[in-house]
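Contents: one structure, followed by commentary.
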Amino acid sequence: MPEPLISARGLTKKYGDFTAVDTIDFDVDKGESFGLLGPNGAGKSTTMRIIAATSQRSSGTISILGRDPEEHGPQIRAHLGVVPQQDNLDGELTVSENLFIYGRYFGLSKKFIRNKIEELLDFAQLQDKRDAKVEALSGGMKRRLTIARALVSEPDILMLDEPTTGLDPQARHILWDRLFRLKETGVTLVITTHFMDEAEQLCDRLVVMDKGRIMAEGSPLELIKQYSTKEVLEVRFGSDRNKEVAPILREMCSRIEELPDRILMYVEDGEALLEAITAKKLHPTTSLVRRSSLEDVFLRLTGRSLIE
Amino acid sequence: MKSAVEIAEERANRWGHQLYAGRARAILERAFIALRSSTWVPIATGFIEPVLYLLAFGYGMGELIGNVDSGRGTVDYAVFIAPGLLATSAMNGAIYDSTWNVFFKLNESKLYKGMLATPLGPLDVALGEITWALLRGLSYAIAFLAITAPLGLVPGISAILAIPAAVFIAFGFASFGMAITSYFKTYQQMGMINIVLLPMFLFSGSLYPISVYPDWLEFLIQLFPSWHGIELVRDLWFGYWDAGTLMHLGYFCVMIVSGLYFTTRRLRNLFMR
Ligand SMILES: Nc1ncnc2c1ncn2[C@@H]1O[C@H](COP(=O)(O)OP(=O)(O)O)[C@@H](O)[C@H]1O
Ligand SMILES: [Mg+2]
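If you read the sequences in order, they're chains A and B.
Every letter in the first sequence is one number past the one before it in this note's numbering, and letter 40, counting from 1, is 70.
Every letter in the second sequence is one number past the one before it in this note's numbering, and letter 148, counting from 1, is 179.
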C-alpha cells in the first residue's frame, strides 16, 4: 500500500473556546479527487487552511506528503496549488502578469514561467484576456484564472475551496469541465463544496462534515446506498395539510422527512408508493419521484438541509 | 530546470526557513510590474512638494529672515531648510507606500494572504515591501539633490552622503510604518496616522532650529523620528559628524529592526496561525 498523500488523525482547530474542527480523521490518496461536503460553518475552509500550512492545528496530527506542516510549511506549500474560497488575484496586474508573478513567488525561472503561461491561458480559456486587468473579468473567468495560477508551480495536490460558489450555472459547467480535465492528468484534488451535485460530479470519495465533525465517509454512491434508499418521492399537500397527512404517510414507508414546504418519502420504488398514496385518495398537489442524492444523505445524518 | 519543490527543499534546513524563503526580490518584482500601470500623480506630488516648499519658504521667507545659525555654522535660510526638506520628502515617500498601500494589500485586496499561501515567508513579504517603500525615498532624495545643486544650495561634495542617509531613514520609516499599519483594522485607525504625522513634520525643525522652543517641547520633539531624520540629513549635508550623528543612526537602526520584527510577526500571526 502506498502511503496516503494527506493523512489526518484527531485533527482539531479551536478559536478560543470555539471548536471549528473537531477531532477529524481522513486520508487522501494519490490521484484521487477527495471532497469535503458540508454546510456553511462546517469547518471545511479551516481544514483546507491547515492542509495548506497557512493555519496551525490546535491538536491531533496531520501529515502532507509525509511531513508535518508545522515544521515544513514552505516545502509543503511548494507541493500545493491553492484556490481559496475568495479570489485574491492581484488587481493591480493583468491576467498574464498574475500568472507570471505567482510563479516568481515559487522561485521559478522566468523562462519556465513564460512557457507555462501559454499552456495555462489555453487551459483556462483566457488567451484573449491575457492583457486584461483582473477587474475586467467575469466571476467565472476570475475563478479559472485563480485555478490556472495555482497550477503554475505544477503542484501535486490542487486545493479547491468552494470552486463554483457564486457562479452562474453555465460558468459552473465550464469550470467542472476544466476540473475533469485536470483529474485525467492525475493531479490529486481536494475540493470543498456545499453543493451536493458538485460533490457527486467531481469527487471520487468524500467526507460529510457538520459542525466541525465528520459524519460519514465514502464514495457518493456508497454514501447514498448506506444512508438513503434508491428513490425518493417528494409530495406536497400545501403547508396546512402536510402536517395532517404526515402520520398516514409515515406508516407507508420506512422513513419520511417533513420539510417546511414538502414531505420526502424514502423507498426503493417511488412510482409504486405514489400509486398507493393515490389509492388512499390523499391526492398530493404535486409529486416527484427522483433518485436519492447526497442532499438526502446529509438530511439523514444531521436532520437539516445543506443549504439553509 | 528546478521545480518549485526542489527550490523549497534547498532552503529546508536553513535557520528561519519558515519565515524567509530568500525571495524578497519577487515582491519587488511585483511592485515594478504594478508600477507600470499605476497612476503617476501621487508619485509626482512626492517629488514636487519639497521643491515647492523650498521655493516658497527658502526664497519667500528667506528674504525676510536672511541668515540663520544652523548649529553647524551660519548659512543662508534656503541652504538651512534644504536638507530638512530632503529628509522630509524621503520620509513621506516611505510612509506613503508603507501605510495606505500596505493597508489596502492587507485588508482589501488580500494580496499578502495570497503571497503567504506560496512558499514565501512573512519576512520575504515584509522585506520586499519595505525595500520598495525605501526605493521611493531614495528616488525622491536623488531628485531633490539634482534640483537643489544647480540652485547653489548644496554646500559641498559631502552632501552626497545625504542620499544614503535619506535611504536609511526611509528604511526606518517604511519598516516602522508597515509594522504599525499591520495592526490597524479600520480606516479610522489609519486616519490617526495622518493626525500624528502632520504636526510631527511641522514641528520637527525642517523650517527652523528647534532651539527656539521651550525646553520641554524641544525635548519632546527629540523623541520623534522625524527630528532625528532631519538632523541626520542636515549633519551630512553640511559635512558634519559628531556623537549626535551616531545617535540619529542608532535611532533608525532600532526603528528598522523593530519594524521588521513586528511586521514579520504580525503577518505570520494573521495569515499563518
Ligand atoms: N479566524 C477565525 N476566528 C474565529 N472563528 C473562525 C475563524 N475562522 C473560522 N471560524 C469559525 O469556524 C467555523 C468554521 O468555519 P469555516 O472553516 O470557514 O467553515 P466552512 O468553510 O465550512 O464554511 C465557523 O463557525 C467560523 O465562524
Ligand atoms: Mg468555507
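Just so you know, even glycine gets a beta-carbon here, dropped at the ideal spot from N, CA and C.
Min CB distance residue 7 of chain A to chain B below 8 Å
Since the first and last residues shown for chain A are 31 and 338, residue 7 of chain A lies out of range.
So, does the CB of residue 91 of chain A fall closer than 8 Å to a CB anywhere in chain B?
To locate residue 91 of chain A, count along the first sequence from 1; it is residue 61. For residue 91 of chain A, the answer is no, since every Cβ of chain B falls outside 8 Å of its Cβ.
In chain order, which continuous runs of the alpha helix (DSSP H) of length 4 or greater are located wholly inside the stretch 222-247 of chain A?
226-232
Starting from residue 50 of chain A and walking both ways along the beta strand (DSSP E), at which residues does that stretch end?
As a first step, residue 50 of chain A must be located in the first sequence, where it is residue number 20. Here the beta strand (DSSP E) through residue 50 of chain A covers 48-58.
Starting from residue 42 of chain B, follow the alpha helix (DSSP H) in both directions and report where the run begins and ends.
Working through the second sequence from its first residue, we reach residue 42 of chain B at position 11. Counted as a single uninterrupted DSSP element, the alpha helix (DSSP H) harbouring residue 42 of chain B occupies residues 35-42.
What three-state label does DSSP hand residue 184 of chain B in the structure shown?
For the purposes of this step, residue 184 of chain B is taken as residue 153 along the second sequence, with counting starting at 1. Looking at residue 184 of chain B - three-state DSSP - the assignment turns out to be coil, as it is neither helix nor strand.
Of all residues in the structure, which have a C-beta closer than 5 Å to any heavy atom of ligand 1, taken in chain order?
One residue after another in chain order, those with a Cβ under 5 Å from a heavy atom of ligand 1 are A/45, A/50, A/70, A/71, A/72, A/73, A/74, A/75 and A/76.
Can you check the stretch 133-198 of chain B for any alpha helix (DSSP H) of at least 4 residues that lies completely inside it and give the ranges in chain order?
142-146 and 153-179
State yes or no: is the beta carbon of residue 147 of chain B nearer than 8 Å to at least one beta carbon in chain A?
For the purposes of this step, residue 147 of chain B is identified with residue 116 of the second sequence, where counting begins at 1. So, interface residue.
Would you report the Cα separation of residue 79 of chain B and residue 178 of chain B, rounded to the nearest angstrom?
Here residue 79 of chain B corresponds to residue number 48 of the second sequence, with the count starting at 1. Here residue 178 of chain B corresponds to residue number 147 of the second sequence, with the count starting at 1. Those two C-alpha atoms are separated by around 10 Å.
Does any C-beta atom of chain D lie closer than 8 Å to the C-beta of residue 317 of chain A?
Of the protein chains in this structure, namely A and B, none is chain D.
Does ligand 2 have even one heavy atom less than 7 Å from the beta-carbon of residue 222 of chain A?
Your numbering for residue 222 of chain A matches position 192 in the first sequence. It does: the Cβ of residue 222 of chain A is within 7 Å (strictly closer) of some heavy atom of ligand 2.
Taking all protein chains shown into account, do 16 or more other C-beta atoms lie within 10 angstroms of the C-beta of residue 185 of chain A, making it buried, or fewer, making it exposed?
By one-based count along the first sequence, residue 185 of chain A stands at place 155. Its Cβ being crowded by 16 or more others within 10 Å, residue 185 of chain A is buried.
Using 8 Å as the threshold, is the stretch 140-154 of chain B in touch with the stretch 97-109 of chain A, meaning 3 or more CB pairs across them?
yes
Whole angstroms is fine: what's the gap from residue 294 of chain A's alpha carbon to residue 231 of chain A's?
Your numbering for residue 294 of chain A matches position 264 in the first sequence. Your numbering for residue 231 of chain A matches position 201 in the first sequence. The straight-line gap from Cα to Cα measures roughly 23 Å.
Whole alpha helix (DSSP H) elements within the stretch 76-128 of chain A, 4-residue minimum:
99-109
Residue 74 of chain A - partner residues in DSSP beta bridges:
Here residue 74 of chain A corresponds to residue number 44 of the first sequence, with the count starting at 1. The partner list for residue 74 of chain A (beta bridge, DSSP) is empty, contrary to what the question assumes.
Using a threshold of 8 Å, state whether the C-beta atoms of residue 154 of chain A and residue 177 of chain A are closer than that.
As a first step, residue 154 of chain A must be located in the first sequence, where it is residue number 124. As a first step, residue 177 of chain A must be located in the first sequence, where it is residue number 147. Annotated as proximal: residue 154 of chain A and residue 177 of chain A, with beta-carbon spacing under 8 Å.
Let me check you understand the geometry: is the CB of residue 192 of chain A closer than 7 Å to at least one non-hydrogen atom of ligand 2?
Counting from one through the first sequence, the residue named residue 192 of chain A turns up at place 162. Residue 192 of chain A: yes, Cβ under 7 Å from ligand 2.
State yes or no: is the beta carbon of residue 305 of chain B nearer than 8 Å to at least one beta carbon in chain A?
Chain B is shown from 32 up to 304; residue 305 of chain B falls before or after that span and cannot be answered.
Is residue 115 of chain A near ligand 2 - that is, is its Cβ less than 7 Å away from at least one heavy atom of it?
Position 85 of the first sequence, counting from 1, holds the residue named residue 115 of chain A. Correct: residue 115 of chain A has its Cβ closer than 7 Å to ligand 2.
For residue 259 of chain B versus residue 283 of chain B, is the C-beta spacing smaller than 8 Å?
In the second sequence, residue 259 of chain B corresponds to position 228, counting from 1. In the second sequence, residue 283 of chain B corresponds to position 252, counting from 1. Yes.
Secondary structure at residue 194 of chain A, three-state DSSP: helix, strand or coil?
Residue mapping note: residue 194 of chain A aligns to position 164 of the first sequence, counting from 1. Three-state result, residue 194 of chain A: coil.
For residue 163 of chain A, write down the residues that DSSP places opposite it in a beta bridge.
As a working note, residue 163 of chain A is residue 133 in the first sequence. Its beta-bridge partners are A/124.
Does residue 38 of chain A come out as helix, strand or coil in the three-state DSSP assignment?
Taking the first sequence and counting its residues from 1, the one referred to as residue 38 of chain A is at position 8. In the structure shown, residue 38 of chain A sits in a strand (DSSP, three-state: E or B).
Tell me where the alpha helix (DSSP H) around residue 267 of chain A begins and ends.
Looking up residue 267 of chain A in the first sequence gives position 237. Per DSSP, residue 267 of chain A belongs to no alpha helix (DSSP H) and is neither H nor E.
What are the residues in the stretch 104-131 of chain A lying within 9 Å of chain B by C-beta distance?
104, 105, 106, 107, 108, 109, 110, 112, 114, 116, 117, 118, 119, 120, 121, 122, 123, 124, 127, 130 and 131
Nonlocal neighbours in the same chain, by C-beta distance under 8 Å from residue 39 of chain B, ignoring five residues either side
Your numbering for residue 39 of chain B matches position 8 in the second sequence. If we look at residue 39 of chain B and ignore the five residues flanking it on each side, its Cβ neighbours are 52 and 150.
Between the alpha carbons of residue 77 of chain A and residue 303 of chain A, how many angstroms are there, rounded?
Start at 1 with the first residue of the first sequence, and residue 77 of chain A comes out as number 47. Start at 1 with the first residue of the first sequence, and residue 303 of chain A comes out as number 273. Cα to Cα, the separation comes out at about 42 Å.
Could you give the uninterrupted runs of the beta strand (DSSP E) lying entirely in the stretch 274-326 of chain A, keeping only those of 3 residues or more?
285-288, 293-297 and 316-321
Secondary structure, alpha helix (DSSP H): runs of 4+ residues fully inside the stretch 53-126 of chain B:
55-67, 72-84 and 93-96
Residue 58 of chain A vs residue 73 of chain A beta-carbon contact at 8 Å:
By one-based count along the first sequence, residue 58 of chain A stands at place 28. By one-based count along the first sequence, residue 73 of chain A stands at place 43. In this structure, residue 73 of chain A does not lie closer than 8 Å to residue 58 of chain A by Cβ.
Report back the beta-carbon spacing between residue 231 of chain B and residue 257 of chain B to the nearest angstrom; my notes put them in contact at under 8 Å.
The sequence position of residue 231 of chain B within the second sequence is 200, counting from 1. The sequence position of residue 257 of chain B within the second sequence is 226, counting from 1. Confirmed, about 5 Å.
Where does residue 176 of chain A sit, in a helix, a strand or coil, going by DSSP?
What you label residue 176 of chain A is simply residue 146 of the first sequence in a count that begins at 1. Helix.
Apart from the five residues on each side of it in sequence, which residues of its chain come closer than 8 Å, Cβ to Cβ, to residue 246 of chain A?
Numbered from its first residue, the first sequence carries residue 246 of chain A at position 216. For residue 246 of chain A, where only same-chain residues beyond five positions count, the Cβ hits under 8 Å are 237, 238, 253, 256, 257, 327 and 331.
Tell me, please, whether the CB atom of residue 49 of chain A is closer than 8 Å to any CB atom in chain B?
One-based indexing of the first sequence puts residue 49 of chain A at position 19. Residue 49 of chain A does not count as touching chain B.
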